[in-house]
Structure formats: structure tokens, C-alpha cells
Amino acid sequence: MDKVICKNCSAENTTRSKYCKYCGYELPKVEIVSEDNNIPEKKNGKSDNKKKIAGIVAIGVITFFITFSIAFYSVQYLFPNHSIDNDMMSVASGINKTCPIMVDSETRLDNTIALPDKVFQYNYTLVNMDKSDVDTLSMKNYLEPIIINLVKSSPQMEFQRDNKWTLNYCYKDKNGLHLLMLVIKPEMYAE
Ligand SMILES: [Zn+2]
């Protein structure tokens with residue numbers, strides 16, 4: 072069987088895999104996907120959409136933390152002895168087995184990636200959102216304190232806090248266009 076080498080952790084994967092089974096990094100696609108620059112016609116109701124996104128994303132984040140902690144503790148149980156980097160890979164791998172997963176009607180968790188230097192990334196798609204309808208700065212300003220507070224206070228995040236993980240929350244729109252990335256560093260959630 073043909074193999075694909077993961078660019079992130081150098082592990083061998085089968086060409087059928089979309090994500091690295093060890094670290095969760097997205098593997099190169101075998102099919103060539105053509106760029107589609109046709110942007111669908113603009114919708115009305117920008118500000119309604121903004122409020123809707125903020126609410127939906129907040130629910131998505133909370134739902135995700137529950138999913139995350141279930142996957143995380145399953146991994147902890149299966150692999151009791153591990154180093155930090157292996158922890159991250161195990162967590163990513165555990166979560167990615169359940170991905171892609173809709174965390175609410177608008178938000179899909181596509182996968183997670185264990186990155187070097189204790190960086191752990193969640194990749195989301197807002198499946199009904201068009202980049203042109205979203206004010207990304209407002210979204211960032213609204214979301215960042217909510218996520219920081221969750222990381223600070225959630226008992227399920229104790230392991231991540233103790234080990235000083237940096238947490239990236241990456242959002243794409245329905246066309247796969249990058250919307251925003253929230254980078255939550257340890258000093259942002261430290262007591
Ligand atoms: Zn990998």
C-alpha cells in the first residue's frame with residue numbers, strides 16, 4: 072500500500088487517510104482540487120448574522136469542551152504512561168476519530184492537530200457562514216474572553232493548564248476560507 076509521510080511528525084500514514092493517525096495533521100490530498108473563486112451573491116442581514124454567530128460559536132465551544140474531555144480521559148485511560156508530546160498526539164488522535172463532528176447546527180469540528188512547542192490546535196468550520204458576512208474583529212473580541220475563561224475555570228482543562236499548552240482555535244467559513252485564529256497562551260489563562 073502507498074504511504075504518505077506526515078509533514079508535522081514524520082510518521083507514515085496510508086494514502087487513504089485524511090489526517091495523520093499520530094498527530095492529527097492534515098495529510099496532502101491525493102486528488103487535485105481546483106480553486107473556485109466564484110463567491111456566492113452577498114446576503115442581507117449582516118448584523119443579525121453577527122449576533123447569531125457569536126451565540127452559536129459560544130455554544131459550540133462549550134459543547135466541544137465536553138466532547139474534548141470525554142476523548143481526553145479515554146486516551147488517559149488507554150495510555151497511562153506518556154510524555155507531553157505523546158499526550159498531545161494521543162489527544163489529537165482520540166478526538167480526530169470522532170471528526171468531523173457537528174458541535175451544533177452551524178459549527179463543525181473538522182479535526183485537531185498536535186503541533187511542536189506544546190501547541191494544540193482545534194480546526195472549526197462555520198458551515199453556514201460566508202466570510203463576507205462576518206466581522207472577524209468583533210467575533211474575536213467576543214469569543215476570546217469566553218474561551219480564556221473556560222480554559223481558566225474548567226476542571227477538564229486542568230491537565231492542559233498544568234502542562235502550559237498553547238491552544239489555537241482556528242475558524243473557517245463554509246467555503247473553507249480562513250476567518251480567524253484565536254491563540255490562547257499559558258500566560259493568558261494562568262492564575
Ligand atoms: Zn503526524
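For the sequence shown, our numbering assigns the number 72 to the initial residue and increments by one for each residue that follows.
Note that CB positions come from ideal geometry on N, CA and C, so glycine has one too.
In this text the structure is predicted, and so the values were computed from the model without any measurement.
Close Cβ partners of residue i (< 7 Å) along its chain, the five nearest in sequence each way excluded
i, result
"residue 248", "202"
Distance, residue j Cα to residue i Cα
i, j, result
"residue 94", "residue 166", "11 Å"
"residue 178", "residue 251", "14 Å"
"residue 243", "residue 221", "21 Å"
"residue 293", "residue 98", "Outside the shown range of the chain, which is 72 to 262, sits residue 293, and nothing can be said about it."
"residue 238", "residue 191", "5 Å"
"residue 240", "residue 163", "14 Å"
"residue 75", "residue 196", "25 Å"
"residue 227", "residue 83", "31 Å"
"residue 113", "residue 123", "Here residue 113 scores only 46 on pLDDT, less than 50, and its place in the model is too uncertain to base an answer on."
"residue 85", "residue 183", "19 Å"
"residue 204", "residue 189", "33 Å"
"residue 193", "residue 207", "17 Å"
"residue 77", "residue 100", "12 Å"
"residue 216", "residue 81", "35 Å"
Helix, strand or coil at residue i [DSSP, three-state]
i, result
"residue 96", "coil"
"residue 85", "strand"
"residue 261", "coil"
"residue 207", "helix"
"residue 181", "strand"
"residue 234", "coil"
"residue 27", "Residue 27 falls outside the range modelled here, since the chain spans only 72 to 262, and no answer is possible."
"residue 104", "Confidence at residue 104 is low in this model, with a pLDDT of 41, below 50, so the placement of that residue should be treated as unreliable; the coordinate-derived value is given next. If DSSP states are grouped into helix, strand and coil, residue 104 belongs with coil."
"residue 200", "coil"
Beta-carbon proximity list for residue i, same chain, < 8 Å, skipping 5 on both sides
i, result
"residue 219", "255, 259 and 260"
Cutoff 6 Å; reference residue i; Cβ partners in own chain excluding five residues on either side
i, result
"residue 257", "235"
"residue 171", "179 and 181"
- Query: In chain order, what residues place their C-beta within less than 6 Å of a heavy atom belonging to ligand 1?
  - Reply: Those residues that have a beta carbon less than 6 Å away from any non-hydrogen atom of ligand 1 are, in order along the chain, 77, 79, 80, 82, 91, 93, 94 and 96.
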